[in-house]
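Participant: 967 is the number of the first residue of the sequence shown in this note's numbering; add one for each residue after it.
Positions of the beta carbon are idealized from the N, C-alpha and C atoms, including for glycine.
All of these numbers come straight from a predicted model, not from anything done at the bench.
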Amino acid sequence: MCLAVPGKVLEIEERDGTTMASVDFGGVVKEVCLEYLPDLKVGEYAIVHVGFALQRLDEESARRTLDLFAELGMLQEEFGDPWEAATQAGGAAFDHLDGLGGPREAGR
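Shown next as structure tokens:
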């Protein structure tokens, strides 16, 4: 699932002509493009989807949403480590591979 998640802007910088920000999503910090919200400031909150800040959000609403996502385990689902998730699933998603990325031969 791909969520639109509220995050707090920690710092802003220009990178190759694009306004980018470090954004905190309840303890997980990711890089986000601010081109759709160029006037967003450090300390403000925004709804972020697929790496783009889309809408400004007040702090209370952002905190309530982050708390709810955390309670439901949705932040881990959205930002969790995919290798950790595969390990917890017993590696079943990779059972068909031989350990070198190739298909497992019959009888092995």
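#1: Note down, in chain order, each residue of its chain lying with its Cβ closer than 6 Å to the Cβ of Lys-974, except the 5 sequence neighbours on either side.
#2: May I ask which residues mark the beginning and end of the alpha helix (DSSP H) holding Ala-1036?
#3: Check this for me: beta carbons of Leu-1000 and Ala-1019, under 9 Å apart or not?
#4: Name the two residues that bound the continuous beta strand (DSSP E) containing Tyr-1011.
#5: If we count the other Cβ atoms within 10 Å of its Cβ and call it buried at 16 or more, is Pro-1004 buried or exposed?
#6: Based on the DSSP output, what are the partners of Asp-990 in its beta bridges?
#7: Find out if the Cβ-Cβ distance for the pair Ala-987, Leu-969 is shorter than 9 Å.
#8: Who does Glu-979 pair with in a DSSP beta bridge?
#9: Tell me which same chain residues have a C-beta within less than 7 Å of the C-beta of Thr-984, skipping the five on either side of it?
Facilitator: Let me lay it out:
#1: Asp-990 and Tyr-1011
#2: 1025 to 1037
#3: yes
#4: Start and end: 1011 to 1015.
#5: exposed
#6: Lys-974 and Val-995
#7: no
#8: Met-986
#9: Cys-999 and Glu-1001
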